[in-house]
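Numbering (this note's numbering), first residue to last: 11 to 401.
A virtual CB, placed ideally from N, CA and C, is assigned to each residue, including glycine.
These notes are about the structure you will find just below.
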């Protein structure tokens with residue numbers, strides 16, 4: 011009889027399942043649940059993108075592409091990066107099309123991280139970074155971001171965590187789950203700390219199009235001297251409402267991208283062909299559609315923040331992405347207990363802040379990538395829940 015505990019490495023067994031998917035699965039099993047748990051746009055993929063995919067299928071263009079992706083798509087990505095983050099990349103040698111932003115993160119970490127290396131991860135943040143570092147044999151070192159700092163990474167907090175074993179820093183901004191944004195002046199402070207080191211930066215910019223209050227996203231790669239140490243991760247899932255198309259990209263210095271491409275070749279071969287053709291249309295023809303979606307998210311953002319503050323749960327006003335991160339400490343419950351009682355008592359699904367790192371305890375993540383009716387109904391149920399637990 012096979013002893014699977016001996017067969018499967020401990021570093022894999024020690025990885026915990028995603029806290030996001032746990033509550034999504036519960037929501038699927040309880041009838042009548044309103045779910046605010048998953049960060050998936052409720053908009054349909056723009057028609058021009060879908061129409062192009064249909065055309066490509068009708069023409070039978072379903073063979074493999076080059077490992078790094080269609081050259082026309084890489085050129086479109088290079089144009090997009092030049093326009094949006096004012097940074098030039100060689101589409102032949104410095105851009106790889108990946109299966110979503112998640113694969114790009116995975117490939118980047120596997121390229122950089124060796125056993126014993128440390129990767130600095132600001133938290134609360136998306137759930138994938140630390141487990142992927144562990145798979146590489148490295149150690150994820152959390153850097154706690156605080157409500158008092160608007161959940162931004164500070165230079166002082168970064169300095170404190172750097173050691174001789176530090177290999178890389180993850181910059182997950184605009185942030186999931188907090189909605190925090192790093193403006194140029196904040197990034198400059200981080201850049202000053204990193205100058206003179208060999209520390210690489212993974213700049214996860216999947217929510218780059220979703221910033222509010224009139225301030226546009228600034229990439230770490232834009233800063234003087236930082237392009238050479240930065241891998242920019244982005245994709246089409248959030249901005250273009252293309253989650254199921256599974257398409258992302260990575261851009262960075264050629265010596266690193268050359269090594270990433272080898273891993274991508276062996277693990278993936280190439281990203282979905284139809285999705286790649288459709289993404290060219292997304293980048294070149296759907297700017298207005300993105301702007302309309304962001305305008306709608308902004309309205310929902312203000313609605314939800316006001317809703318939580320009015321019911322007595324202090325809610326940081328997010329400046330990016332499509333999540334709010336209200337504090338539930340006043341209820342006396344842990345994040346997990348709050349979410350479990352809410353889903354069973356009032357049939358509303360949100361995600362415990364603790365799913366995004368220990369520093370997320372005392373908060374919950376709520377996605378506003380849903381209709382106003384959906385959000386309004388959920389807020390009403392949460393308000394009723396709070397009144398009932400006060401009795």
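CA-CA distance, residue i and residue j?
{"i": "residue 294", "j": "residue 21", "result": "43 Å"}
{"i": "residue 171", "j": "residue 151", "result": "8 Å"}
{"i": "residue 339", "j": "residue 367", "result": "16 Å"}
{"i": "residue 215", "j": "residue 348", "result": "30 Å"}
{"i": "residue 298", "j": "residue 94", "result": "15 Å"}
{"i": "residue 273", "j": "residue 47", "result": "32 Å"}
{"i": "residue 377", "j": "residue 195", "result": "28 Å"}
{"i": "residue 73", "j": "residue 283", "result": "7 Å"}
{"i": "residue 135", "j": "residue 191", "result": "12 Å"}
{"i": "residue 60", "j": "residue 53", "result": "13 Å"}
{"i": "residue 26", "j": "residue 69", "result": "44 Å"}
{"i": "residue 51", "j": "residue 335", "result": "18 Å"}
{"i": "residue 364", "j": "residue 104", "result": "36 Å"}
{"i": "residue 322", "j": "residue 280", "result": "49 Å"}
{"i": "residue 106", "j": "residue 261", "result": "7 Å"}
{"i": "residue 55", "j": "residue 251", "result": "5 Å"}
{"i": "residue 370", "j": "residue 160", "result": "14 Å"}
{"i": "residue 341", "j": "residue 197", "result": "35 Å"}
{"i": "residue 296", "j": "residue 164", "result": "35 Å"}
{"i": "residue 155", "j": "residue 169", "result": "13 Å"}
Buried or exposed: residue i, going by 16 or more other Cβ atoms within 10 Å of its Cβ?
{"i": "residue 116", "result": "buried"}
{"i": "residue 14", "result": "exposed"}
{"i": "residue 76", "result": "exposed"}
{"i": "residue 173", "result": "exposed"}
{"i": "residue 268", "result": "exposed"}
{"i": "residue 188", "result": "buried"}
{"i": "residue 277", "result": "exposed"}
{"i": "residue 354", "result": "exposed"}
Measure the Cβ-Cβ separation of residue i and residue j and say whether it is below 8 Å.
{"i": "residue 332", "j": "residue 49", "result": "yes"}
{"i": "residue 270", "j": "residue 97", "result": "no"}
{"i": "residue 36", "j": "residue 388", "result": "no"}
{"i": "residue 157", "j": "residue 318", "result": "no"}
{"i": "residue 223", "j": "residue 329", "result": "yes"}
{"i": "residue 110", "j": "residue 258", "result": "yes"}
{"i": "residue 193", "j": "residue 228", "result": "yes"}
{"i": "residue 184", "j": "residue 217", "result": "yes"}
{"i": "residue 118", "j": "residue 204", "result": "no"}
{"i": "residue 180", "j": "residue 249", "result": "no"}
{"i": "residue 176", "j": "residue 200", "result": "no"}
{"i": "residue 182", "j": "residue 101", "result": "no"}
{"i": "residue 397", "j": "residue 40", "result": "no"}
{"i": "residue 351", "j": "residue 361", "result": "no"}
{"i": "residue 58", "j": "residue 253", "result": "no"}
Is residue i close to the ligand SAH? I mean its beta-carbon at under 7 Å from any heavy atom of the ligand.
{"i": "residue 82", "result": "As presented, the structure is devoid of all ligands, the ligand SAH included, so that no description of it is given."}
Which residues does DSSP pair with residue i in a beta bridge?
{"i": "residue 287", "result": "Partner(s): none; residue 287 has no beta bridge."}
- Task: Kindly provide the ranges of any alpha helix (DSSP H) runs that are 4 or more residues long and lie completely inside the region 23-48, ordered along the chain.
- Result: The DSSP assignment places 29-39 as complete runs of the alpha helix (DSSP H) inside the region 23-48, in order along the chain (cut-off: 4 residues).
- Query: Hey, which unbroken runs of the beta strand (DSSP E) at 3 residues or more fall wholly within the region 314-351?
  - Reply: none
- Message: Please give me, in chain order, every unbroken run of the alpha helix (DSSP H) with length at least 4 that falls completely inside the region 106-140.
- Response: 110-122
- Task: May I have a chain-ordered list of the alpha helix (DSSP H) segments no shorter than 4 residues that lie completely inside the region 213-286?
- Result: Listed in chain order, they are 264-277.
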